[in-house]
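Chemist:
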Amino acid sequence: MIIDLAFDRKDFFHLIGLQHLKDLTNLKRDRGKVFNQIISCFMHIENMLDNNDIIFKYSKKMNQYSRVDADYLMQHTMNENIVYLFIDKLEHYEKHFCKSFFPKENQDFTRNQARYTLLYKEKLNLKTQQRTVQYNRL
-3 MIIDLAFDRK DFFHLIGLQH LKDLTNLKRD RGKVFNQIIS CFMHIENMLD
47 NNDIIFKYSK KMNQYSRVDA DYLMQHTMNE NIVYLFIDKL EHYEKHFCKS
97 FFPKENQDFT RNQARYTLLY KEKLNLKTQQ RTVQYNRL
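What follows is the structure, encoded as structure tokens:
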């Protein structure tokens, strides 16, 4: 038996359940454009992780108005706008994941957070298993 599976970017909308998000009216437009914006967001996150931007140890307790609970915070300037990427650790694993990603508005999430100095960064290509050192100050 052969199953020839095709994927259209407009199918992504339903595949990940975006039709259930009733309060987001901007999702009602062209589903292909929504897909393109989501992919663009992932590209921005990868670019952000590839840069050697500011990294903070994040403590929700140090920011009384924050509802974000994460281990780390990255701040990046993208198209003259500041964006935040929160990183948290998976329970029972030694891996981290991108928890939240959004532009800075009124609240400065870096306020009162401990700033880290980057010493070493390595990127792993999951397809080829090739490791690339992106930053080394050790």
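Taking this note's numbering, the leading residue of the sequence shown gets -3, the next gets one more, and so forth.
Quick reminder that beta carbons are idealized off the backbone N, C-alpha and C, glycines included.
With which residues is residue 70 paired in a DSSP beta bridge?
Modeler: Paired residues: 51 and 81.
Chemist: What residue range does the alpha helix (DSSP H) around residue 129 cover?
Modeler: Residue 129 -> not in any alpha helix (DSSP H); beta strand (DSSP E) instead, spanning 127 to 132.
Chemist: Over the uninterrupted alpha helix (DSSP H) stretch that includes residue 45, give me the two end residues.
Modeler: That run of the alpha helix (DSSP H) goes 27 to 46.
Chemist: In this structure, how does DSSP classify residue 97 when only helix, strand and coil are distinguished?
Modeler: Correct three-state label for residue 97: strand.
Chemist: Is the region 95 to 103 touching the region 47 to 56 in the sense that three or more CB pairs, one from each, lie closer than 8 Å?
Modeler: No, because fewer than three Cβ pairs between the region 47 to 56 and the region 95 to 103 fall closer than 8 Å, the two stretches do not touch.
Chemist: Considering residue 111, what are the terminal residues of the beta strand (DSSP E) in which it resides?
Modeler: Looking at the DSSP string, the run of the beta strand (DSSP E) that includes residue 111 is 110 to 112.
Chemist: Can you confirm whether the region 81 to 90 touches the region 106 to 121 when touching is taken to mean that 3 or more C-beta pairs between the two stretches lie within less than 8 Å?
Modeler: Result no; under three Cβ-Cβ pairs closer than 8 Å.
Chemist: Span of the beta strand (DSSP E) holding residue 120?
Modeler: Counting along the chain, the beta strand (DSSP E) containing residue 120 begins and ends at 116 to 120.
Chemist: Measuring straight from C-alpha to C-alpha, what distance separates residue 35 and residue 42?
Modeler: Approximately 11 Å, taken between the alpha carbons.
Chemist: Applying the 10 Å Cβ sphere with the 16-neighbour rule, what's the burial state of residue 141?
Modeler: This structure cannot speak to residue 141, because the chain is shown only from -3 to 134.
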